[in-house]
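Worksheet: one structure, shown below.
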Ligand SMILES: [Zn+2]
């Protein structure tokens, strides 16, 4: 799943208005931001196998530290506690952030083959394989994304032109990347895949930037 994760971040703003969209982007994609570093370090493994599923050529061989349920519960708790300590946020905001981190696992279980570990080893792996059913997977992901963006757009109001145009430019950009992932060629190598995944850090920065140009909507 790709834009479905961002849907959760956008939608979470409705429940934690004081948390920046950037922090929510970091939370929703924490698993996929940790993952390329572990792949590059040789700790986690992925293979490029065109046809692995109808929608992605990636075969996730071993990724217990970035993508198991137990690991994401730990990452979510660590992120929530550090966020609360660093920003003196409300408990509700910290809990929302932690839940957004764990939501990554739930959404990935929907789309992945049964390769999503529950424990930080490979003993139990789950996945509903929606990636083999594009006619279901694509509308589900786009609907989720639309709902999340709608919640964010209603929970906030632009403070200036950047807040107005920037949000829709970001939404358009995410949709283009989603389409490019579906239609583009497989990545040339695992290293290229991992390095391009690091570009998602930029989206975290863009999330902070746009959120600074929007303010909570009046009730
Ligand atoms: Zn993931």
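In this note's numbering, the protein residues as written are 168 to 386.
Positions of the beta carbon are idealized from the N, C-alpha and C atoms, including for glycine.
Taking a contact to require three or more Cβ pairs closer than 8 Å, the stretch 280 to 293 and the stretch 214 to 230 qualify as touching. As a beta-bridge residue in DSSP terms, residue 324 pairs with 382. Here the alpha carbon of residue 295 sits roughly 30 Å from the alpha carbon of residue 374.
As DSSP reads the structure, residue 214 sits in a beta bridge with 226. Counting only heavy atoms of ligand 1, the residues whose C-beta sits closer than 6 Å to one of them are, along the chain, 198, 199, 234, 271 and 275.
Taking a 10 Å sphere around the C-beta of residue 340, we find fewer than 16 other C-beta atoms and assign the residue as exposed. By the Cβ test, the stretch 339 to 356 is not in contact with the stretch 179 to 192, since fewer than three Cβ pairs between them sit closer than 8 Å. Around the beta carbon of residue 185, fewer than 16 other beta carbons sit within 10 angstroms, so the residue counts as exposed.
Residue state for residue 203 is assigned as helix, using DSSP reduced to three classes.
In chain order, 170 and 174 place their CB closer than 6 Å to the CB of residue 312, counting only its own chain and leaving out the 5 sequence neighbours on each side. Within the same chain, 265 come within 7 Å of residue 244 by CB-CB distance, once the 5 residues on both sides are set aside. The beta carbon of residue 378 is closer than 7 Å to those of 187, 188 and 189 in its chain, skipping five residues each way along the sequence. Of all alpha-carbon atoms in 310, 195, 215 and 304, the one lying nearest the alpha-carbon of residue 358 is that of 215.
In the DSSP assignment, residue 297 falls outside any alpha helix (DSSP H), carrying neither H nor E. By the beta-carbon neighbour count (other beta carbons within 10 angstroms, threshold 16), residue 291 is exposed.
Closest option to residue 178, judged by alpha-carbon separation, among 234, 207, 317 and 285: 317.
When Cβ pairs closer than 8 Å are counted between the two stretches, the stretch 223 to 240 is seen to touch the stretch 198 to 205, the count reaching three or more. Assigned with DSSP and collapsed to three states, residue 367 falls in helix. Take residue 370, set aside five residues on each side of it, and the residues of its chain with a beta-carbon closer than 7 Å to its own are 192, in chain order.
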